[in-house]
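Colleague: Please find one structure pasted underneath; my questions will follow.
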Amino acid sequence: MKSDIGRGQSFPLGATVYPDGVNFCLFSKTCASLELLFFDAPDDAKPSHIIKFEPQYNKTFYYWHIFVKGIKAGQIYGYRAYGMFEPELGYRFDSDKVLLDPYAKAVVNTENYSREAASKRGDNCAKAMKAVVVDPKTYDWEDDKRLEIPYSQTVIYEMHVGGFTRNPNSGIPPSKRGTYAALIDKIPYLKYLGITAVELMPVHQFDEQDAVPPRKNYWGYSTVSFFAPHRQYSFRRDPLGPVDEFRDMVKALHKAGIEVILDVVYNHTAEGNENGPTLSFRGIDNSMYYMLEEEDKSFYSNYSGCGNTIKANHEIAGQMIIDSLRYWVSEMHVDGFRFDLASIFSRNRDGTPMEDAPILWIIKSDPVLAGAKLIAEAWDAGGLYEVGSFAGDRFTEWNGQFRDDVRSFVKSEPKQIQRLAYRIMGSPDIYPKPDREPHCSINFITCHDGFTLNDLVSYNQKQNQANGENNRDGHNDNRSWNCGVEGLTDDTYIEALRNQQIKNLWTILLVSQGTTMLLMGDEVRRTQNGNNNAYCQDNELGWFNWSDVGKHPELLRFVKNLIRFTQRLHIFRIETILVMDPNSKLPSITWHGVRLNKPDWADYSRSIAFSLRHPEKQEYLHIMLNSYWEPLLFEIPILPKGQRWYRIVDTALAVPNDFCTEKTAPPIQGNHYRVQGRASVILMAQSR
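Per numbering that gives the first Met the number 0, the very first residue in the sequence shown carries number 0; after that it's consecutive.
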């Protein structure tokens with residue numbers, strides 16, 4: 000085979016297909032020697048060929064490169080790196096381990112992979128994940144392109160690819176459940192609901208064994224490869240199947256007008272702490288990829304809460320992140336990213352917080368990413384919290400304060416009215432810059448991490464015993480209220496109150512300025528039985544229960560109609576902060592209490608009303624929110640001659656009167672409206 004081997008070149012990194020062969024390139028500053036391994040099958044216990052890199056010939060600076068003629072897409076490969084094993088100095092080379100290419104675009108042998116074998120001494124060849132050579136240029140995208148839907152017209156659905164269709168009641172054939180292909184089959188449901196973007200929980204290849212046995216790492220925040228789609232989500236089992244199946248899914252979603260946003264985890268990897276497995280980065284160049292403790296480099300700095308922290312502002316690790324983002328945009332056609340624990344990007348190589356972090360400036364200014372949505376979870380597990388101040392005005396942010404304040408108001412806690420008013424306006428107290436769009440705030444009430452919406456109104460305490468951690472895991476501050484009974488109940492009064500509270504939460508979420516995000520299944524009261532940390536529950540507890548669609552059609556109808564109603568109105572799609580002048584020709588908001596123009600900002604107040612006007616589009620809404628447990632009589636504005644108020648929403652009313660379309664909405668008599676206890680009302684001015 001020696002005659003088929005050439006010097007290769009130092010760019011691009013990874014495996015690059017050419018007409019006559021494949022160029023392999025890997026960065027390692029500190030390894031002494033390197034071997035490229037070829038395999039005939041994913042679970043081979045020995046390589047079919049071993050190719051040694053000659054440093055004088057196959058190395059430029061710290062880039063190891065080689066060209067192998069005759070190799071094509073589909074070739075399975077890995078590396079062995081040789082060097083010092085002195086953890087206290089930051090070196091962790093282990094030549095017994097088969098190492099995954101950091102730029103691997105497909106991964107195989109996930110079925111036989113053993114995290115244990117990668118964590119202890121000895122050869123793990125048969126049980127190691129291995130890379131596959133991929134030629135991304137061969138796929139037929141037809142006329143597909145990114146949609147670039149404005150944030151002002153975006154409704155995000157946070158979902159788990161596997162959990163969306165794994166339930167036997169999904170209607171998907173058993174072999175296809177939980178896959179990218181199965182998600183395609185459910186696109187009509189997403190369209191019916193009014194979704195414009197899916198935010199997929201991690202789909203980079205991750206380590207499902209990174210959990211306490213026998214449980215799995217279900218959520219996927221344990222990345223192994225930042226370029227490869229997760230193989231276990233693929234219906235196709237051939238080496239290249241997941242790559243094309245993922246692209247089929249993206250193309251189908253785009254045809255339906257739905258964007259694809261990836262939840263990406265560039266803050267840590269599956270290799271974990273000093274006791275974790277050697278899968279890739281640790282065995283290639285440990286100190287180039289990870290923050291290590293200065294006093295003893297055998298320990299990893301843990302700003303992620305998951306054992307290690309990627310050194311994002313190092314030129315090598317940072318370049319890998321940029322290359323990964325570019326790849327998913329240019330070759331996989333995704334529309335954006337949600338960055339898990341994004342504040343880690345604001346930390347220097349030694350972990351200290353810094354201003355103007357290089358990695359963030361590169362991401363913001365990169366031309367390939369110019370049209371992509373960039374969403375930051377602007378905090379980390381080390382205490383850095385940057386909501387409202389994260390990296391200028393290019394990133395939007397998960398607004399955790401919106402979640403907390405809306406929950407507290409609907410729960411009827413005191414001292415919430417002023418805070419709620421800010422959230423409804425797009426959080427100008429958090430985002431004070433006058434030119435900052437209100438849609439920079441990603442508004443949500445629930446997400447994967449925490450209670451579902453159903454459980455938020457059904458449990459006072461988390462119930463995480465199934466996780467095997469004695470209920471110590473998960474958040475304790477949930478701002479939830481069980482409406483009088485903990486958990487499941489057949490009490491019709493309690494159930495009616497829970498439905499009403501859920502509709503109150505939906506109403507506030509959808510009439511607030513900002514970008515709306517909802518959690519998979521909340522529209523049909525999906526429950527996790529009080530578990531607020533279902534990261535290891537790859538079972539019916541963590542899956543979408545499709546029987547809920549039939550159990551709660553009235554809630555699904557309410558949510559679908561409210562999404563459509565707000566998405567049609569220009570007042571919810573403006574890209575500037577609302578002015579507080581009712582006489583302005585600009586879109587405006589006016590605050591009220593039970594009396595017009597007299598909002599009650601007192602600590603004990605539990606009600607607020609506001610009017611929304613868009614003079615140019617002739618839109619006029621009056622919204623009343625009452626979290627007090629007794630009815631309140633609200634004054635409503637007097638309209639010009641020829642116009643009347645019509646009731647669109649009243650969450651205290653039974654179906655179908657809880658939501659009425661503009662055409663079926665009944666007119667309101669008089670100048671007052673009685674809002675029941677714990678209820679929300681939307682009125683719309685019309686000239687019919």
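We treat Cβ as the ideally placed atom computed from N, Cα and C, and that holds for glycine. These numbers were taken from a predicted model, which means no experiment stands behind them.
So, helix, strand or coil for R524, using DSSP?
Modeller: Position 525 of the sequence shown, counted from the start, is the residue given in the question as residue 524. Three-state result, R524: coil.
Colleague: At which residues does the beta strand (DSSP E) containing T515 begin and terminate?
Modeller: By 1-based counting over the sequence shown, the position of residue 515 is 516. Its beta strand (DSSP E) spans residues T514 to L518.
Colleague: On the DSSP letters alone, give me the boundaries of the alpha helix (DSSP H) that G317 sits inside.
Modeller: By 1-based counting over the sequence shown, the position of residue 317 is 318. If you look at G317, you'll find it in the alpha helix (DSSP H) that goes E314 to S329.
Colleague: Please say whether H253 and M200 have beta carbons closer to each other than 7 Å?
Modeller: Within the sequence shown, residue 200 is the residue found at index 201, counting from 1. Within the sequence shown, residue 253 is the residue found at index 254, counting from 1. Their beta carbons are not under 7 Å apart, which means M200 does not touch H253 by this criterion.
Colleague: Counting pairs of beta carbons, one from the region 563 to 570 and one from the region 603 to 617, are three or more of them closer than 8 Å?
Modeller: yes
Colleague: With L568 as the anchor, note down where its beta strand (DSSP E) starts and where it stops.
Modeller: Within the sequence shown, residue 568 is the residue found at index 569, counting from 1. Note, L568: premise wrong, no beta strand (DSSP E); not H, not E.
Colleague: Quick one: what's I681 bridged to in DSSP?
Modeller: Here residue 681 corresponds to residue number 682 of the sequence shown, with the count starting at 1. According to DSSP, I681 bridges with I622 and V648.
Colleague: In angstroms with no decimal places, state the Cα-to-Cα distance between N528 and R348.
Modeller: To locate residue 528, count along the sequence shown from 1; it is residue 529. To locate residue 348, count along the sequence shown from 1; it is residue 349. In a straight line, the C-alpha of N528 is about 41 Å away from that of R348.
Colleague: Among Y302, S174, D42 and G486, whose alpha-carbon lies nearest the alpha-carbon of W378?
Modeller: Stepping through the sequence shown from its first residue, residue 378 is reached at position 379. Looking at the Cα atoms, Y302 is the closest of the given residues.
Colleague: With distances taken between CB atoms, is the gap from L261 to V367 smaller than 7 Å?
Modeller: Along the sequence shown, read from residue 1 onward, the residue named residue 261 stands at position 262. Along the sequence shown, read from residue 1 onward, the residue named residue 367 stands at position 368. One thing to note: L261 has its Cβ no nearer than 7 Å to the Cβ of V367.
Colleague: Three-state secondary structure (DSSP) at F364?
Modeller: Residue numbering aside, residue 364 sits at position 365 when the sequence shown is read from its first letter. The question names Phe, but residue 364 in the sequence shown is Ser. Helix, per DSSP.
Colleague: Relative to the alpha-carbon of D295, which residue among Y150, E85 and S606 has its alpha-carbon at the smallest distance?
Modeller: Here residue 295 refers to the residue found at position 296 of the sequence shown. Of the candidates Y150, E85 and S606, the one whose C-alpha sits nearest the C-alpha of D295 is E85.
Colleague: How far does the alpha helix (DSSP H) with Y288 in it extend, from its first residue to its last?
Modeller: For the purposes of this step, residue 288 is taken as residue 289 along the sequence shown, with counting starting at 1. It spans F280 to Y288 - the alpha helix (DSSP H) in which Y288 sits, taken as one unbroken run.
Colleague: By DSSP, does T660 sit in helix, in strand, or in coil?
Modeller: The count along the sequence shown starts at 1 and reaches residue 660 at position 661. In this structure, T660 counts as coil in the three-state DSSP scheme.
Colleague: List, from N- to C-terminal side, the alpha helix (DSSP H) runs of 4 residues or more that fit wholly inside the region 129 to 188.
Modeller: Scanning the region 129 to 188 from its first residue to its last, the whole alpha helix (DSSP H) runs of 4-plus residues come out as 160 to 164 and 179 to 184.
Colleague: Starting from the C-beta of F389, find all residues in its chain whose C-beta is less than 6 Å away, skip the five residues before and the five after it, and write them out in chain order.
Modeller: Taking the sequence shown and counting its residues from 1, one reaches residue 389 at position 390. Residues of the same chain with a CB within less than 6 Å of the CB of F389, apart from the 5 flanking positions on each side, are A375, A377 and E396 in chain order.
Colleague: Taking just the CA atoms, how far does T29 sit from I441?
Modeller: Mapped onto the sequence shown, residue 441 falls at position 442. Mapped onto the sequence shown, residue 29 falls at position 30. Near 42 Å, if we compare the C-alpha coordinates of T29 and I441.
Colleague: Label Q668 either buried or exposed according to how many other C-beta atoms from any shown protein chain fall within 10 Å of its C-beta, with 16 as the threshold for buried.
Modeller: Residue 668 sits at position 669 when you count from the first residue of the sequence shown. Exposed.
Colleague: When you compare only the Cα positions, how much space is there between V259 and L373?
Modeller: Your numbering for residue 259 matches position 260 in the sequence shown. Your numbering for residue 373 matches position 374 in the sequence shown. Approximately 12 Å between the Cα atoms of the pair.
Colleague: Count the other C-beta atoms from every protein chain shown that fall within 10 angstroms of the C-beta of T660, then say buried if there are 16 or more, exposed otherwise.
Modeller: Taking the first residue of the sequence shown as 1, we reach residue 660 at position 661. Exposed is the call here.
Colleague: Under the assumption that L595 contacts W644 (Cβ atoms under 8 Å), give the Cβ distance between them as a whole number of angstroms.
Modeller: Translated into positions along the sequence shown, residue 595 becomes position 596. Translated into positions along the sequence shown, residue 644 becomes position 645. About 13 Å separates the two Cβ atoms, so there is no contact after all.
Colleague: So, for V131: in the same chain, excluding its five sequence neighbours on each side, which residues have a beta-carbon less than 6 Å away from its beta-carbon?
Modeller: Locating residue 131 in the sequence shown gives position 132, counting from the first residue. Contacts found: I75, A105, V107 and P238.
Colleague: Roughly how many angstroms separate the alpha carbons of G13 and C24, rounded to a whole number?
Modeller: As a working mapping, residue 13 is identified with position 14 in the sequence shown. As a working mapping, residue 24 is identified with position 25 in the sequence shown. Distance between the alpha carbons of G13 and C24: 5 Å.
Colleague: Would you decide whether G483 is buried or exposed? Buried here means 16 or more other CB atoms lie within 10 Å of its CB.
Modeller: Walking along the sequence shown from the start, residue 483 turns up at place 484. Residue environment for G483: exposed (fewer than 16 other C-beta atoms within 10 angstroms of its C-beta).
Colleague: Is it true that the region 639 to 655 meets the region 433 to 448, where meeting means three or more beta-carbon pairs spaced less than 8 Å apart?
Modeller: No: the two stretches stay apart, fewer than three of their Cβ pairs being nearer than 8 Å.
Colleague: Are the CB atoms of K597 and G193 nearer to each other than 7 Å?
Modeller: Position 598 of the sequence shown, counted from the first residue, corresponds to residue 597. Position 194 of the sequence shown, counted from the first residue, corresponds to residue 193. Not closer than 7 Å, so no.
Colleague: Which residue or residues does DSSP assign as beta-bridge partners of I423?
Modeller: By 1-based counting over the sequence shown, the position of residue 423 is 424. Looking at the DSSP assignment, I423 forms no beta bridge with any residue, so it has no partner.
Colleague: Among Y289, Y430 and G486, which residue has its Cα nearest to the Cα of T451?
Modeller: If you number the sequence shown from 1, residue 451 lands on position 452. Taking only the C-alpha atoms, the option nearest T451 is G486.
Colleague: Taking DSSP as the reference, what is the three-state secondary structure of P228?
Modeller: Start at 1 with the first residue of the sequence shown, and residue 228 comes out as number 229. Residue state, collapsed to three classes: strand.
Colleague: Taking the alpha carbon of G641 as the reference point, which residue from M353, V674, Q512 and S686 has its own alpha carbon closest?
Modeller: On the sequence shown, position 642 is the one that residue 641 refers to. Of M353, V674, Q512 and S686, the smallest CA-CA separation from G641 is found for S686.
Colleague: Which of the three DSSP states is assigned to V405 in this structure?
Modeller: Here residue 405 refers to the residue found at position 406 of the sequence shown. Looking at V405 - three-state DSSP - the assignment turns out to be helix.
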